[in-house]
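Peer 1: My numbering puts the first residue of the sequence shown at 210, with every later residue one more than the last. In this text, a Cβ means the ideal position worked out from N, Cα and C, and glycines have one as well. All values derive from a computational prediction rather than experimental measurement.
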Amino acid sequence: MRVPFSFLTEQFANPEPVFDKIREFLKRCDFTLGEDLTVFEGRYAKYCGTKHAIGVGSGTDAIFLSLRALGVKPGDEVISAPNSFIATTGAIVQAGARPVYVDVTEEMTLDVGKVEGAITEKTRAIVPVHWAGNPCDMEPLLALAKKYQLVVVEDACQALGAKLNGRPVGSMGDAGAFSTHPLKPLHVWGDGGVIVTNSDTLAVKLRLLRNHGLAGRDTVDSYGYNSRFDNLQAIVGNVVMDSLDATIDQRIAHAEKFDRALGDRKFFSCLRVPKRDVQKKHVFHLYQVYVQKRELLLGFLNRHGIEAKVHYPTPLHLQPAALGWGYSKGSFPLAENQSEFSITLPCHQYLKTEQVEFTIQKISEFYGL
Ligand SMILES: Cc1ncc(COP(=O)(O)O)c(C=O)c1O
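(1) Counting Cβ pairs, one atom from each stretch, are 3 or more of them under 8 angstroms apart for the segment 404 to 422 and the segment 260 to 279?
(2) Please say whether S267 and G446 have beta carbons closer to each other than 8 angstroms?
(3) Is A296 near ligand 1 - that is, is its Cβ less than 7 angstroms away from at least one heavy atom of it?
(4) Ligand 1 and C366: does any heavy atom of the ligand fall closer than 7 angstroms to the residue's C-beta?
(5) Among I288, H339, N374 and E465, whose alpha-carbon lies nearest the alpha-carbon of A327?
(6) Taking just the CA atoms, how far does P344 sit from L506?
(7) With C-beta atoms as the reference, is G342 less than 8 angstroms away from A371?
(8) Under 7 angstroms from any heavy atom of ligand 2, does the C-beta of H390 make it?
(9) I need the DSSP call for Q442, collapsed to helix, strand or coil.
(10) What first and last residue would you give for the beta strand (DSSP E) that runs through I404?
(11) Which of the three DSSP states is assigned to V308 in this structure?
(12) Tell me whether V313 counts as near ligand 1, meaning its Cβ is closer than 7 angstroms to at least one heavy atom of that ligand.
(13) Since T553 sits in a beta bridge, which residues does DSSP pair it with?
(14) With burial defined as no fewer than 16 other Cβ atoms inside 10 Å of the residue's Cβ, what is the status of K489: buried or exposed?
(15) Using C-beta distances below 6 angstroms, list every residue in its chain close to Q501, excluding the 5 sequence neighbours before and after it, in chain order.
(16) Give me the Cβ distance between G425 and Y432, rounded to the nearest whole Å; I'm assuming they're in contact under 8 angstroms.
(17) Relative to ligand 1, is the shortest distance from any of its heavy atoms to the C-beta of T269 smaller than 7 angstroms?
(18) Out of curiosity, what's the CA-to-CA distance linking V227 and R252?
(19) Could you pull out every residue in the same chain whose Cβ sits closer than 8 angstroms to the Cβ of L353, ignoring the five residues on either side in sequence?
(20) I need the straight-line Cα distance from P213 to K355, nearest angstrom please.
(21) Starting from the C-beta of V361, find all residues in its chain whose C-beta is less than 6 angstroms away, skip the five residues before and the five after it, and write them out in chain order.
(22) Starting from the C-beta of F580, find all residues in its chain whose C-beta is less than 7 angstroms away, skip the five residues before and the five after it, and write them out in chain order.
(23) If you measure between the beta carbons of T523 and S551, is that distance less than 8 angstroms?
(24) Between the segment 470 to 478 and the segment 302 to 315, can you find at least three pairs of beta-carbon atoms closer than 8 angstroms?
(25) In the DSSP assignment, the beta strand (DSSP E) including S388 goes from what residue to what residue?
(26) Starting from the C-beta of A290, find all residues in its chain whose C-beta is less than 6 angstroms away, skip the five residues before and the five after it, and write them out in chain order.
(27) Can you tell me whether G415 is helix, strand or coil according to DSSP?
(28) Of the residues N511, L543, H526 and S293, which one's Cα is nearest the Cα of A603?
(29) Measuring straight from C-alpha to C-alpha, what distance separates T553 and Y521?
(30) Near D468, which residues of its chain fall below 8 angstroms by C-beta distance, leaving aside the five closest residues on each side in sequence?
(31) Distance check for V397 and H390, CA to CA, integer angstroms please.
This is the structure in structure tokens:
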């Protein structure tokens with residue numbers, strides 16, 4: 210049996226509903242900031258429980274443009290997590306700021322208890338990452354942000370649909386950034402990103418920034434970028450949104466099956482499921498556990514057709530690009546522990562229960578259980 214990590218061929222196997230809509234669209238041709246985008250943004254904001262959603266060119270741009278619009282400038286410091294995808298740090302650096310890392314918890318999200326110690330006179334923003342689809346502890350983080358007058362941009366690129374005490378991720382900070390990359394549950398046929406916010410002022414600024422700062426056809430209000438969400442992609446997004454909840458529910462169902470089996474005491478000495486918090490709705494963009502003999506297990510699973518992976522073998526503070534920030538091995542023990550001991554198992558919406566069971570069976574076999 211094969212248990213693939215990628216699901217792109219299945220995901221794009223039935224493009225007809227999208228093609229039908231594209232044929233209709235070609236009679237209108239409003240390619241730039243068109244009608245479908247307006248509909249998509251409205252539905253996205255409703256899904257996240259926010260007043261506004263602004264479509265932009267990518268999830269990376271969603272973080273970068275939010276930071277820019279919130280006044281982050283060269284010389285500022287921005288606190289974030291060292292265990293994210295490079296885009297989180299990339300967006301901070303693109304805004305001209307210096308990334309300041311704070312370690313994560315065993316849950317793999319920012320250790321909020323350590324944030325205050327990293328705040329300096331130059332700190333201007335915090336970018337918590339809802340890593341793997343698991344919400345960060347936003348409440349104490351927002352209290353700190355208020356105390357020190359910092360802005361908060363949630364990196365929710367992996368976490369659409371996740372909730373903390375019933376509140377959707379992305380809706381709690383000043384802005385929430387999402388990605389619609391093909392690997393995300395609400396994907397399009399290429400790159401795209403969305404910013405959600407409850408602030409009218411910020412929404413206006415972001416709409417200007419993503420479109421050259423144009424206040425109208427002939428008036429440039431301030432200098433901006435070309436980072437528009439393509440109207441063609443909004444057509445795709447609107448179709449995909451109809452099945453979003455079913456996709457998320459299926460991923461959660463597989464993850465719960467893994468949790469029940471791998472959380473069993475028999476795995477005690479060789480595998481650990483991260484702590485799950487009942488106040489958090491985790492949407493499992495990635496299903497990760499901590500394991501002993503990681504490289505051997507990875508090879509064993511791969512040889513048996515199970516495409517397990519690692520996210521990521523090198524944390525951000527130990528990347529060659531990060532040399533100038535002054536960090537070294539040992540700076541963030543829990544993020545480093547995640548890099549060394551975590552494994553990501555295939556857990557997507559196109560897997561059958563038998564494939565999840567096969568994976569569990571092979572892990573048991575590897576450890577001789
Ligand atoms: C945590 C995180 N932040 C940001 C991004 C950037 O999103 P995009 O690829 O749409 O630019 C990603 C993309 O995978 C991500 O996983």
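Peer 2: The structure says:
(1) yes
(2) Sequence index remark: in the sequence shown, residue 446 carries index 237 (1-based). Sequence index remark: in the sequence shown, residue 267 carries index 58 (1-based). Contact: no.
(3) Position 87 of the sequence shown, counted from the first residue, corresponds to residue 296. The answer is yes for A296.
(4) Mapped onto the sequence shown, residue 366 falls at position 157. Correct: C366 has its Cβ closer than 7 angstroms to ligand 1.
(5) Taking the first residue of the sequence shown as 1, we reach residue 327 at position 118. Among I288, H339, N374 and E465, the Cα nearest to that of A327 belongs to I288.
(6) Reading the sequence shown from its first residue, position 297 is the one you call residue 506. Reading the sequence shown from its first residue, position 135 is the one you call residue 344. Looking at the two C-alpha atoms, the distance is approximately 28 angstroms.
(7) Sequence index remark: in the sequence shown, residue 342 carries index 133 (1-based). Sequence index remark: in the sequence shown, residue 371 carries index 162 (1-based). Result yes, Cβ atoms of G342 and A371 sit closer than 8 angstroms.
(8) Annotation note on ligand 2: not contained in the displayed structure, which lists ligand 1 as its ligands.
(9) Position 233 of the sequence shown holds residue 442. DSSP places Q442 in helix when its eight states are reduced to three.
(10) The count along the sequence shown starts at 1 and reaches residue 404 at position 195. Taken as a continuous stretch (DSSP letters only), the beta strand (DSSP E) holding I404 covers G402 to T406.
(11) Indexing the sequence shown from 1 puts residue 308 at position 99. One detail in the question is off: residue 308 reads as Pro in this sequence, not Val. It is a strand residue.
(12) By 1-based counting over the sequence shown, the position of residue 313 is 104. No.
(13) Indexing the sequence shown from 1 puts residue 553 at position 344. Its beta-bridge partners are Q497 and K518.
(14) Residue mapping note: residue 489 aligns to position 280 of the sequence shown, counting from 1. Buried, by the Cβ-count rule.
(15) Along the sequence shown, read from residue 1 onward, the residue named residue 501 stands at position 292. Closer than 6 angstroms at Cβ, skipping near neighbours: C479.
(16) Position 216 of the sequence shown, counted from the first residue, corresponds to residue 425. Position 223 of the sequence shown, counted from the first residue, corresponds to residue 432. The pair is not a contact, with the Cβ atoms about 16 angstroms apart (cut-off 8 angstroms).
(17) As a first step, residue 269 is located in the sequence shown; it is residue number 60 there, counting from the start. T269 Cβ: within cutoff of ligand 1.
(18) Locating residue 227 in the sequence shown gives position 18, where the first residue counts as 1. Locating residue 252 in the sequence shown gives position 43, where the first residue counts as 1. Those two C-alpha atoms are separated by around 17 angstroms.
(19) Position 144 of the sequence shown holds residue 353. The answer, listed in chain order, is V321, V324, E325, I328, I335 and L359.
(20) By 1-based counting over the sequence shown, the position of residue 213 is 4. By 1-based counting over the sequence shown, the position of residue 355 is 146. The alpha-carbon atoms of P213 and K355 are separated by roughly 44 angstroms.
(21) Residue mapping note: residue 361 aligns to position 152 of the sequence shown, counting from 1. Once the five neighbours on either side are set aside, the close Cβ partners of V361 are I335, A354, G382 and D383.
(22) In the structure displayed, the chain extends from 210 to 578; residue 580 sits before or after that span and is not available.
(23) As a working note, residue 523 is residue 314 in the sequence shown. As a working note, residue 551 is residue 342 in the sequence shown. No, they are not a contact pair.
(24) no
(25) One-based indexing of the sequence shown puts residue 388 at position 179. Element bounds for S388: A384 to S388.
(26) Reading the sequence shown from its first residue, position 81 is the one you call residue 290. Hits under 6 angstroms: V313, L319 and V338.
(27) For this step, residue 415 is matched to residue 206 along the sequence shown. In the sequence under discussion, the amino acid at residue 415 is Leu, which differs from the Gly named in the question. Looking at L415 - three-state DSSP - the assignment turns out to be helix.
(28) Only positions 210 to 578 of the chain appear in this structure, which leaves residue 603 out of reach.
(29) For this step, residue 553 is matched to residue 344 along the sequence shown. For this step, residue 521 is matched to residue 312 along the sequence shown. Answer to the nearest angstrom: the Cα atoms are 9 angstroms apart.
(30) Numbered from its first residue, the sequence shown carries residue 468 at position 259. So the qualifying residues of the chain are V482 and R485.
(31) Translated into positions along the sequence shown, residue 390 becomes position 181. Translated into positions along the sequence shown, residue 397 becomes position 188. Looking at the two C-alpha atoms, the distance is approximately 6 angstroms.
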